[in-house]
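S.K.:
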Amino acid sequence: MTWNKYIGTILIVAGTTIGASMLALPLKTAEIGLPMGLLFMAVAWLFMLINALVILKALAPYPAEATFHTLVKRTFGRPGAVVMAIAMLWLFYALLAAYASGASQLLQQVTGVPAKALGVMIFIGFGGVILTHTGLTDYANRLLFLIKLVVFVAVAVPMMQLISVADLQASMRQPFSQISDSGASVAVLLIYITSFGFHGSIPSLVAYNNGQNSALKRAFFWGTLLSVVLYCFWIALCLGLAGQTPAALKDMATMIRFLGLQTGVAWIEISLNMFALFAVLTSFIGVGLGLSDYFRDMLKKGTKEAHIAWVGLYTFGPPLLVMLYNDQLFVQALEFAGVALVFIAVLVPNMILQLQRLRQIQRVSMGMTLVSGLMIFAALALIPLYFFGSF
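So this is what it looks like as structure tokens:
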């Protein structure tokens, strides 16, 4: 892997994770307290990093162009591929519609153009970039990610001077038992898990880098660690400015508006909206990249141009219709994304790895076998706990 691709991979990982779900972290951390929030973040980071490495291992026996569709179909046959397709479509369509809706609403505040019209432009513009080539997508993602970082630093420096140490200390004193209901605890944990969800893009990153798993492992580590650092700083910034004003943390738009007003500087509020916008757009690119490659592998229709057209229609057509029908899908998608992500990125890949070991498709160390088994148990526990609150 060249240094250029290595940096690009780190930024794709970080750019995909540091997205829309990041904007929800201060809201959830304010509900449960900073100690529990930091604990959930550490657990979610390690949990999702381990499962990213499991997916890399499961992809190892196959060509670099293999996708989740290839893995599932060769392991579970056609029925398994159908179940996986339903789960992936549930997650990715909801997220694409949510991200486009969120980005269009943020743009509407600046341009005054109707949100749905802006959403259509986002699908056409960024969907076209995603469909052309992964390399072009990489450079588009790098540009957005770097702009996002510059804007974040530009607003964070003046805002740091306004942080209330008393507000942060009050949040630190909230007990670990802030949430007593197990279902509610799992729901909050799933938001943190979603914040480290870049796993749908892993097959695309493997293909982009022609395998080279050892370099990809390092890129995954540094990309997700960069996310952890920015998440902690972002949460401290928000709670330090709005921690004792619960009404300011009821939703993303209210929080951003409140933070901007706290500074008394108009350009900071505009910059915060820019940061939120680019955070959502980089997530849109990451999710769109993973889903389009999934359809590239599954659909084989006619000429190259016709194939791209079909992939674009299947990838972006349904979420565009969903966004046009319901432009308030943003919060709902994040609530359920964690459940779908646990199924797609945790349960299924670990089951595949265990079956690869049993069928002697590849050698799996005893340590990885045990860790993979624990991941399966964790996934099977989280999903019913979310829906039913207990076993």
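Residue numbering for the sequence shown follows our numbering, beginning at 657 and increasing consecutively.
Ideal placement from N, C-alpha and C gives every residue a C-beta, glycine not left out.
These numbers were taken from a predicted model, which means no experiment stands behind them.
#1: Going by DSSP, what residue range makes up the alpha helix (DSSP H) through E925?
#2: So, with DSSP's three-state summary, where would you put G797?
#3: Rank V921, A863, I778 by C-alpha distance to the C-alpha of E721 and give the top, closest one.
#4: Please tell me whether G671 and F972 are closer than 7 Å, where the distance is taken between their beta carbons.
#5: At the level of alpha carbons, what is the spacing between S927 and R913?
#6: Looking at the secondary structure, which residues open and close the alpha helix (DSSP H) in which R1013 lies?
#7: Please determine if the stretch 888–900 and the stretch 732–746 are in contact, where contact requires at least 3 C-beta pairs separated by less than 8 Å.
#8: On the three-state DSSP scale, how would you describe G783?
#9: When the Cα atoms are used, what is the spatial distance from A753 to G768?
#10: Put P685 into one of helix, strand or coil per three-state DSSP.
#11: Does DSSP put T672 in a helix, in a strand, or in coil?
#12: For I780, count neighbouring Cβ atoms within 10 angstroms of its own Cβ and tell me buried if that reaches 16, exposed if not.
#13: Sorted by chain position, which residues of the same chain lie with C-beta nearer than 8 Å to S833's C-beta, five sequence neighbours on each side aside?
#14: Hey, V842 and L705: beta-carbon distance below 7 Å or not?
#15: When the distance is taken between beta carbons, is A750 closer than 7 Å to A1001?
#16: Which residue's Cα is closest to the Cα of P975: A686, K772, I674?
#17: In its own chain, which residues sit with a C-beta less than 6 Å from the C-beta of R874, not counting the 5 before and 5 after it?
#18: Looking at the structure shown, is I857 part of a helix, part of a strand, or coil, going by DSSP?
#19: In this structure, does DSSP put T665 in helix, strand or coil?
#20: Should the stretch 1027–1042 be called in touch with the stretch 756–765, which here means at least 3 C-beta pairs below 8 Å?
#21: Could you say which of L980, Q764, L762, T919 lies nearest to Q817 if we only look at CA atoms?
#22: Just to confirm, are K713 and L1009 a CB contact at a threshold of 7 Å?
#23: Give the straight-line distance between the Cα atoms of V710 and V766, rounded to the nearest whole angstrom.
#24: Exposed or buried, V978, counting other C-beta atoms within 10 Å across all chains shown (16 or more means buried)?
#25: Would you mind giving the Cβ-Cβ distance between V936 and G675, rounded to the nearest angstrom? I have them listed as a contact below 8 Å.
#26: Could you check if N865 is buried or exposed, using at least 16 other CB atoms within 10 Å of its CB as the buried criterion?
#27: So V884 packs on M697, CB below 8 Å; how close in whole Å?
#28: Could you tell me whether the Cβ of H855 comes closer than 7 Å to any Cβ of chain D?
#29: Please report how far the alpha carbon of Q761 lies from the alpha carbon of V776, in whole angstroms.
#30: Within a Cβ cutoff of 6 Å, which residues of the same chain sit near L846, ignoring the five residues on either side of it in sequence?
#31: With H, G and I counted as helix, E and B as strand and the rest as coil, what does DSSP make of V1020?
#32: Quick one: give me the first and last residue of the alpha helix (DSSP H) that G736 is part of.
M.R.: Taking the coordinates as given:
#1: The count along the sequence shown starts at 1 and reaches residue 925 at position 269. First-last of the alpha helix (DSSP H) with E925: 922–954.
#2: The residue given as residue 797 occupies position 141 in the sequence shown. As written in the sequence, residue 797 is Asn, which differs from the Gly given in the question. Assigned with DSSP and collapsed to three states, N797 falls in helix.
#3: The sequence position of residue 721 within the sequence shown is 65, counting from 1. Closest by alpha carbon: A863.
#4: Here residue 671 is taken as the residue at index 15 of the sequence shown, counted from 1. Here residue 972 is taken as the residue at index 316 of the sequence shown, counted from 1. Not closer than 7 Å, so no.
#5: Position 271 of the sequence shown, counting from 1, holds the residue named residue 927. Position 257 of the sequence shown, counting from 1, holds the residue named residue 913. Their Cα atoms are separated by approximately 11 Å.
#6: Sequence index remark: in the sequence shown, residue 1013 carries index 357 (1-based). Looking at the DSSP string, the run of the alpha helix (DSSP H) that includes R1013 is 1004–1014.
#7: Too few Cβ pairs lie closer than 8 Å, so no.
#8: Here the question's residue 783 lines up with position 127 in the sequence shown. Looking at G783 - three-state DSSP - the assignment turns out to be helix.
#9: To locate residue 753, count along the sequence shown from 1; it is residue 97. To locate residue 768, count along the sequence shown from 1; it is residue 112. So the alpha carbons of these two residues sit roughly 20 Å apart.
#10: Locating residue 685 in the sequence shown gives position 29, where the first residue counts as 1. Correcting the residue type first, residue 685 is Thr in the shown sequence and not Pro. Reduced to three states, the DSSP call for T685 is helix.
#11: Within the sequence shown, numbered from 1, the residue matching residue 672 stands at position 16. In the structure shown, T672 sits in a helix (DSSP, three-state: H, G or I).
#12: Taking the first residue of the sequence shown as 1, we reach residue 780 at position 124. Exposed.
#13: In the sequence shown, counting from the first residue as 1, residue 833 sits at position 177. Its pLDDT being 49, under 50, S833 is placed unreliably in this model, and the value from its coordinates should be taken loosely. None.
#14: Taking the sequence shown and counting its residues from 1, one reaches residue 842 at position 186. Taking the sequence shown and counting its residues from 1, one reaches residue 705 at position 49. No, Cβ-Cβ distance for V842 and L705 is not below 7 Å.
#15: Start at 1 with the first residue of the sequence shown, and residue 1001 comes out as number 345. Start at 1 with the first residue of the sequence shown, and residue 750 comes out as number 94. It is not a contact, given that the beta carbons lie outside the stated cut-off.
#16: Along the sequence shown, one-based indexing puts residue 975 at 319. Per the C-alpha coordinates, the member of A686, K772, I674 positioned closest to P975 is K772.
#17: The residue you call residue 874 lines up with position 218 of the sequence shown. Excluding positions up to five away in sequence, the list is empty.
#18: The sequence position of residue 857 within the sequence shown is 201, counting from 1. The sequence given here has Ser at residue 857, not Ile. S857 falls in the helix class under three-state DSSP.
#19: As a first step, residue 665 is located in the sequence shown; it is residue number 9 there, counting from the start. DSSP places T665 in helix when its eight states are reduced to three.
#20: The stretch 1027–1042 is not in contact with the stretch 756–765.
#21: By 1-based counting over the sequence shown, the position of residue 817 is 161. Ranked by Cα distance from Q817, the options L980, Q764, L762, T919 are led by T919.
#22: Counting from 1 along the sequence shown, the entry for residue 713 is found at position 57. Counting from 1 along the sequence shown, the entry for residue 1009 is found at position 353. Contact: yes.
#23: For the purposes of this step, residue 710 is identified with residue 54 of the sequence shown, where counting begins at 1. For the purposes of this step, residue 766 is identified with residue 110 of the sequence shown, where counting begins at 1. Cα-Cα distance, rounded: 43 Å.
#24: The count along the sequence shown starts at 1 and reaches residue 978 at position 322. Looking at its Cβ environment, which holds 16 or more other Cβ atoms inside 10 Å, V978 is buried.
#25: Residue numbering aside, residue 936 sits at position 280 when the sequence shown is read from its first letter. Residue numbering aside, residue 675 sits at position 19 when the sequence shown is read from its first letter. The C-beta distance from V936 to G675 rounds to 6 Å, short enough to meet the 8 Å contact threshold.
#26: Mapped onto the sequence shown, residue 865 falls at position 209. It is buried - the Cβ of N865 has at least 16 other Cβ atoms within 10 Å.
#27: Walking along the sequence shown from the start, residue 884 turns up at place 228. Walking along the sequence shown from the start, residue 697 turns up at place 41. With 8 Å as the limit, V884 and M697 qualify as a contact, their Cβ atoms being about 7 Å apart.
#28: Included in the structure is just one protein chain, with no chain D present.
#29: Taking the sequence shown and counting its residues from 1, the one referred to as residue 761 is at position 105. Taking the sequence shown and counting its residues from 1, the one referred to as residue 776 is at position 120. If I take the Cα positions, the gap works out to 12 Å.
#30: For the purposes of this step, residue 846 is taken as residue 190 along the sequence shown, with counting starting at 1. The answer, listed in chain order, is G994.
#31: Numbered from 1 along the sequence shown, position 364 holds the residue referred to as residue 1020. In the structure shown, the three-state DSSP call for V1020 is coil.
#32: Taking the sequence shown and counting its residues from 1, the one referred to as residue 736 is at position 80. Here the alpha helix (DSSP H) through G736 covers 724–767.
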